[in-house]
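S.K.: Attaching a single structure in structure tokens format; questions to follow.
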Amino acid sequence: MTGLDRTVIEEIDWKSAVRNIIVDTRSDFILSPQFDGIYLKNSERLIETTLTALRSGTYDPRLPITFSVHKSNFLTRPGSILEPKDRLIHQAAIESCLPRIEEQLDRSRSFSQVPSAQTQMLFEPPHLGWVRFQDATKAICETHPYVLKADIANYFETIPQHPIVNSLTASGVQPELVSLIENQLLAFRHRSSTGIIQGIYPSDLLGNFYLSDFDGDCDLHDLASARYVDDIYVGFPDLHCARKELVRLTERLRQNGLSLNAQKTYISESENIIFEEHEIDFLFDEARAEIENSLELLNSSGYGFQGDWLNETVETEDSDIELNAIRHLMFLEDVTVKQREKIERFCLPIMRGADDNSAVDTVLDNLSVRPQLTRIYASYLTHFAPSEPEVVRRISNILNADRFFCDYQRMYMVAAILNCELVESNAVRICLQWLESSDIGQETRALCAVFVAKFGNAQQKRAVKLHYENEESEYVRSAILYAAQYYPIAEKRSIKRAWGRQSELNALISDII
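All residue numbers for the sequence shown refer to the working numbering, where the first residue is 302 and numbers rise by one.
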């Protein structure tokens, strides 16, 4: 167990941490309506209970909630969220380190997690940093005959924690904060000192910070480089120099506990990199220019992140945003698999924000083709499902067919129609089956509990309530408690009396239903 000195506690802006968590949850790998509800509706009590634990020295980090997230080629990576108290402390502690961390970053080389000048935003929208990164890589290619394109193998899973902690100390971060962060990092990885969890702001920031050493090495050896987290480009005057430096850079990374991904790391002539990475960039430029005057509206509608999954009010009014260039890019033919993914990642959030449903069929047809885009696909669909019954019917049939590769797809397809007023009965039935199945992960089963409680008939709602006593997962039980908001008032009161004080987490949830 650990704590924090009262002076340090008072210096931290806890309300700011909550605000930034609310933004971060919009792009979480795991959808957790019960946790989101705490951040949105019970943040004052969350802060109060968190500070009580820190002041008394009784804070004990818990294991994160983690499941498999699709990558390309049907591979997976772990994605995690933290319980509310852990997330608040982790977010607040890392935010307090942000000024010191930023001092160590070379923004002419590193383009991810750029602090925002706006007080209500922690970072600039990621698409802005990505555009700068692409411009920087293009400049390297135009001035260097050869380019190393590199990627760190299993980056977040292999980052050694001790060097991060040492770097925070060397940067001037308060020792108490460093100690607290070190304890959390160790606890979140099952007491292993290797790796950090993936999928939340603090990890993104620490991951970017750890490779600042690589940026400094490139600067020391006068190498042109550009980096977006662990996606790296380095320019060279000739092939011999490129090969020689690759050997040295590989060894330097190895000293930091990292290794290059052999499948994604190679030296190439610059013209090939330009063709591979920037072949259709002129179409992206046209698309960006088209929406430049509408960015404020698009950002408020979900552009740059996925938007509010569970509490969104769908705007059906015509936004009057011209999307000719966007549509042309979205439906462009004769592109590579990599270009297709890049196009859809760029276009679909914009089309969602502009209330353009012309890609609905494309998305539904490709759910099993590009599972790594499941979250973006579901985010797009959830905007249109409440007003388009045919979309609800098709998603319900997809759920009922259950031809998914993993729970990541199941969870997001359930979320795609959770905001609707009505759903198909077959969707409710399959979600109840998943809730009661030991073969389905707790993250999906928790969302299914909320789904069935909202849309099920009296018998199905009763089945959800009865499942509470037989459920081993505290996380799923907390979702069943949260789902009590969809029961008649008398029954909801009875549920709150029975379960509302069984744990600190339940108490936080009981207050908001």
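All C-beta atoms, glycine included, are put in the ideal place defined by N, C-alpha and C.
Remember, it's a predicted structure, so these values are computed and weren't measured experimentally.
Below 8 Å on the Cβ atoms is my contact criterion, and I expect Leu383 with His391 to pass it. Report the Cβ-Cβ distance as a whole number of Å.
M.R.: 6 Å
S.K.: Would you mind reading off the limits of the beta strand (DSSP E) that contains Val535?
M.R.: Asp532 to Phe537
S.K.: Would you mind sorting Arg695 into buried or exposed? The rule is 16 or more other CB atoms within 10 Å of its CB.
M.R.: buried
S.K.: Exposed or buried, Glu618, counting other C-beta atoms within 10 Å across all chains shown (16 or more means buried)?
M.R.: Its pLDDT being 46, under 50, Glu618 is placed unreliably by the model, and the measurement read from it follows with that caveat. With fewer than 16 Cβ atoms within 10 Å of its Cβ, Glu618 is classed as exposed.
S.K.: Quick one, which of Asp314, Ile453, Gly304 and Val324 has its alpha-carbon nearest Tyr360's?
M.R.: Ranked by Cα distance from Tyr360, the first of Asp314, Ile453, Gly304 and Val324 is Gly304.
S.K.: Would you kindly check if the distance between the Cβ of Ser595 and the Cβ of Ile622 is under 9 Å?
M.R.: yes
S.K.: Along the beta strand (DSSP E) that carries Ala784, what are the first and last residues, could you check?
M.R.: No beta strand (DSSP E) holds Ala784; DSSP gives it neither H nor E.
S.K.: Who are the near neighbours of Gly517 in its chain, counting only those whose CB is closer than 8 Å to its CB and skipping five residues on each side?
M.R.: Asp407
S.K.: Within 10 angstroms of its Cβ, does Phe585 collect 16 or more other Cβ (buried), or is it exposed?
M.R.: buried
S.K.: Can you tell me which of the three DSSP states Thr438 falls into?
M.R.: helix
S.K.: Comparing C-alpha positions only, which one of Asp708, Phe583, Glu578 and His522 sits nearest to Arg553?
M.R.: His522
S.K.: Taking buried to mean at least 16 other C-beta atoms within 10 Å of its own C-beta, is Glu616 buried or exposed?
M.R.: Residue placement at Glu616 is flagged as unreliable, the pLDDT there being 47, under the threshold of 50; a coordinate-derived value is accordingly withheld.
S.K.: Check for me: the alpha helix (DSSP H) holding Ser344 runs from which residue to which?
M.R.: Ser344 to Ser357
S.K.: Assign Ile310 to one of three DSSP states: helix, strand, or coil.
M.R.: helix
S.K.: Using DSSP with H/G/I as helix, E/B as strand and the rest coil, what is Glu618?
M.R.: In this predicted model, Glu618 has a pLDDT of only 46, less than 50, meaning its place in the structure is not dependable enough to derive any value.
S.K.: Per DSSP, Thr303 is paired with what?
M.R.: Tyr360
S.K.: In the DSSP assignment, find the alpha helix (DSSP H) that holds Thr377 and state where it starts and stops.
M.R.: Thr377 -> not in any alpha helix (DSSP H); beta strand (DSSP E) instead, spanning Thr377 to Ile382.
S.K.: Less than 8 Å between the CB atoms is what I'm expecting for Pro687 and Glu722, so what's the real figure, rounded?
M.R.: 7 Å
S.K.: For the alpha helix (DSSP H) that contains His579, what are its first and last residues?
M.R.: Ser571 to His579
S.K.: With 16 other CB atoms within 10 Å as the buried threshold, where does Phe375 fall?
M.R.: Classification of Phe375: exposed, given that the 10 Å Cβ count is below 16.
S.K.: Under 9 Å, do Leu332 and Met714 count as touching if we go by C-beta distance?
M.R.: Not closer than 9 Å, so no.
S.K.: Are the beta-carbon atoms belonging to Lys762 and Tyr788 less than 9 Å from one another?
M.R.: yes
S.K.: Assuming Asn484 and Pro365 make a contact with CB atoms under 8 Å, what is their CB distance in whole Å?
M.R.: With a Cβ gap of about 14 Å, Asn484 and Pro365 do not count as contacting.
S.K.: If you check the beta carbons only, do Leu389 and Leu347 fall under 9 Å apart?
M.R.: yes
S.K.: Run through DSSP, which three-state label would Lys450 get?
M.R.: strand
S.K.: Here's a check: name, in chain order, each residue in its chain whose Cβ is nearer than 8 Å to the Cβ of Asp452, leaving out the five neighbours to either side.
M.R.: Asp531, Asp532, Ile533, Leu561, Asn562, Lys565 and Thr566
S.K.: Start and end of the beta strand (DSSP E) containing His371?
M.R.: Ile366 to His371
S.K.: Can you tell me whether Phe685 is helix, strand or coil according to DSSP?
M.R.: helix
S.K.: Are the beta-carbon atoms of Ile677 and Asp657 separated by less than 9 Å?
M.R.: no
S.K.: Alpha carbon to alpha carbon, what distance is there between Gln786 and Ala759?
M.R.: 14 Å
S.K.: Which two residues bound the contiguous beta strand (DSSP E) that contains Arg528?
M.R.: Ser526 to Tyr529
S.K.: In the DSSP output, what is Leu561 paired with across the bridge?
M.R.: Ile453
S.K.: What is the rounded straight-line gap between the Cα of Arg401 and the Cα of Ser328?
M.R.: In a straight line, the C-alpha of Arg401 is about 26 Å away from that of Ser328.
S.K.: Go ahead and pull the three-state DSSP assignment for Ser397.
M.R.: helix
S.K.: Determine, using beta-carbon pairs with one atom in the stretch 698-705 and one in the stretch 678-685, whether at least three such pairs fall under 8 Å.
M.R.: Touching, no, given that fewer than three Cβ pairs across the two stretches are closer than 8 Å.
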